[in-house]
Amino acid sequence: MKKSLFISLFLLVSITYNTLSAQYSKLSDFDDKMIHFGFALSYNNSDYYIQRSLEHQFADDSLQSLIVASKPGFTLGVISSINFNPNFKLRFAIPSLSFQERDLEYTYLDPLMERHIC
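Using the numbering used here, the first residue of the sequence shown is number 3, and each one after it goes up by one.
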């Protein structure tokens, strides 16, 4: 009983001490700077819908359907923050780069013409 009480008390004190010591920042003047920069990394899914126009169909058109496969990708961007005072900050994102891939699968009336284009 005494051993488990001692271990529990030791764990409680060590967790409390670690929590208190983690509150002191090594970069104490970091928040005092006016401009901060960071980056944003996010997931995206490149999917779109193609609708064939009936007005622009040709009589000898052999294209039957066009299938668009959804593909994953990611976006990388820069985020900036301007601190005017402790209560007012202006945060904005500079245009980001989006990396993605799209697969189009064409289906023709003639099976010999069928091919996969990436």
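Think of the CB as a built atom: it goes at the ideal place given N, C-alpha and C, for glycine as much as any other residue.
Secondary structure at residue i, three-state DSSP: helix, strand or coil?
i	result
SER83	strand
LEU29	coil
ILE17	helix
ASP49	coil
ASP105	strand
SER55	coil
LEU111	coil
Go to residue i, then tell me how far its beta strand (DSSP E) extends in each direction, as first and last residue.
i	result
PRO97	90-101
SER67	65-71
(message) I want to know whether the stretch 68-85 touches the stretch 40-47 - three or more CB-CB distances under 8 Å.
(response) yes
(request) Check whether the stretch 103-114 touches the stretch 62-71, taking contact to mean three or more Cβ pairs, one atom from each stretch, closer than 8 Å. (result) yes
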